[in-house]
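Input: a single structure, listed below in C-alpha cells.
Protein chains: 2
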Amino acid sequence: MNTEIQNTFRALADPTRRSILMHLSAKEMTIAEVSAHFDMTRAAVKKHLIILEEGELISARRMGRETLNRLEPEGLKTVANWVNYFSGFWNIKLQNLQSAIEEEGNSKK
Amino acid sequence: MNTEIQNTFRALADPTRRSILMHLSAKEMTIAEVSAHFDMTRAAVKKHLIILEEGELISARRMGRETLNRLEPEGLKTVANWVNYFSGFWNIKLQNLQSAIEEEGNSKK
DNA sequence: TCCATACAATACCAAATGGTATCATGTTAA
DNA sequence: TTAACATGATACCATTTGGTATTGTATGGA
Chain A
0 MNTEIQNTFR
10 ALADPTRRSI
20 LMHLSAKEMT
30 IAEVSAHFDM
40 TRAAVKKHLI
50 ILEEGELISA
60 RRMGRETLNR
70 LEPEGLKTVA
80 NWVNYFSGFW
90 NIKLQNLQSA
100 IEEEGNSKK
Chain E
0 MNTEIQNTFR
10 ALADPTRRSI
20 LMHLSAKEMT
30 IAEVSAHFDM
40 TRAAVKKHLI
50 ILEEGELISA
60 RRMGRETLNR
70 LEPEGLKTVA
80 NWVNYFSGFW
90 NIKLQNLQSA
100 IEEEGNSKK
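In order, the protein sequence lines correspond to chains A and E.
Numbering-wise (numbering that gives the first Met the number 0), the first sequence opens with residue 0 and increments by one.
Numbering-wise (numbering that gives the first Met the number 0), the second sequence opens with residue 0 and increments by one.
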C-alpha cells in the first residue's frame, strides 16, 4: 500500500509538528521536554508525536518512566524522493539527491 | 510571514492533490482534463486546484473559456529547502540540493 | 510501602476539510 | 442573437483534525 507516503505528508501538514521536528533535530527529548516549548497540554503534544511516528519522522523508546523521542530519516527520505520525482519538470538538477539517498546504507554513524 | 510553507505542506497533505501534480507533470491541463482522471465532481477538483495554487505548486491562466493549469516549481523549492535543513542530522549528503536551488535563476528553459 | 512523577488512553468539543448540489458568468460557434 | 460549453462561486453536509479534560498505569525514591 502507498499509505506510508500519505502518513508522512499528513504529519508534515501541521506547523506544530514541523516545529517539533526542528526541536528534535537538536537532541532527543522526552514528551515533557518537547511540551515545554509549546503552549498546549502534554496530551496534545503526545498526539502530535504519535502522528510524527506514523509518518516515520521520529521514533520513540521507553526508558524507565520516560519516553525519548528521536528524529528519524525514513520519512524525510520519502519526502526527498517525492520531490526528486519532479526534478525533470523543474529546470534544477536534483539528481544528486536521488543518488545520495541510495548511498545512505554505506555511510557511517 | 511564514504562511507560504504552511500553504505548501497543507497542499501536499492530500493524496488527490499529489496525484494531480503527477498528472500535471506530463502537461498543462484544463480543469475538465484533470477531472477526467478522478471519480469526483469538477467542483471538487477545482477546490483542490485552488489549494495547490495557494501552495505555489501550480499556476492557472485563463485562455478563452478554458483555464490551463501548470506545474510550478516554487512550492517544490520550499519543500526541498525544508528537507535540506535536516541534512545535517541525517547522515546523507544533501548539500547539492541546496546549491542546485540557488543556481536556479541561471538555468535556461 | 507509598506517594509523586511521567506517561497512556479515552471521551468529548469546535473548527477545518473534502465532498456534492446548485446557480451564475463569460465564450464560442452557428 | 443565442444556445451549448467551460468555468466560477456559494451553500450545505459528513468526517477528520487539533485541542482539553479526565482517568488510569507503571516507575522510582524516601
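In this text, a Cβ means the ideal position worked out from N, Cα and C, and glycines have one as well.
None of the values given here were measured: they were computed from a predicted structure.
Of all the options 20(E), 14(E), 13(E) and 15(E), which has the alpha carbon lying nearest to the alpha carbon of residue 86(A)?
Comparing Cα-Cα distances from residue 86(A) to each of 20(E), 14(E), 13(E) and 15(E), the minimum goes to 20(E).
With distances taken between CB atoms, is the gap from residue 67(A) to residue 57(A) smaller than 8 Å?
No. Outside cutoff.
State the DSSP-derived secondary structure class of residue 56(E), mapped to helix, strand or coil.
DSSP places residue 56(E) in coil when its eight states are reduced to three.
First and last residue of the alpha helix (DSSP H) that includes residue 71(A)?
Premise fails: residue 71(A) is in no alpha helix (DSSP H) and is neither H nor E.
Quick one, which residues of the region 54-71 of chain A are near chain E if we go by CB-CB under 7 Å, in chain order?
Listed by position along the chain: 70.
Specify whether the region 28-42 of chain A and the region 25-35 of chain E touch according to this definition: at least 3 beta carbon pairs, one from each stretch, less than 8 Å apart.
Verdict: no, contact absent.
By how many angstroms is the C-alpha of residue 84(A) removed from the C-alpha of residue 52(E)?
Approximately 19 Å, taken between the alpha carbons.
Please classify residue 64(E) as buried or exposed, where buried requires at least 16 other C-beta atoms within 10 Å of its C-beta.
Counting Cβ neighbours within 10 Å, residue 64(E) comes out exposed, since fewer than 16 surround it.
Identify whether residue 61(A) lies in helix, strand or coil by the three-state DSSP scheme.
In this structure, residue 61(A) counts as strand in the three-state DSSP scheme.
Give the secondary structure of residue 112(A) by DSSP, where H, G and I count as helix, E and B as strand, and everything else as coil.
This structure cannot settle anything about residue 112(A), because the visible part of chain A is limited to 0 through 108.
For residue 15(E), tell me which candidate among 61(E), 80(E) and 48(E) has the shortest Cα-Cα distance.
Among 61(E), 80(E) and 48(E), the Cα nearest to that of residue 15(E) is on 48(E).
Cutting at 8 Å between CB atoms, please list the residues of its own chain near residue 41(E), excluding the five before and the five after it.
Only 30, 31 and 34 meet the Cβ criterion.
Taking DSSP's pairing of strands, which residues face residue 66(A) in a bridge?
DSSP output for residue 66(A) lists 61(A) as bridge partner(s).
Give me whichever residues DSSP pairs with residue 28(A) in a beta bridge.
According to DSSP, residue 28(A) bridges with 68(A).
Would you say residue 75(A) reaches chain E, if we count a Cβ-Cβ gap shorter than 8 Å as a contact?
It does; some Cβ of chain E falls within 8 Å.
Please identify the residue among 44(A), 4(A) and 76(A) whose C-alpha is closest to the C-alpha of residue 18(A).
Of 44(A), 4(A) and 76(A), the residue nearest in Cα terms is 44(A).
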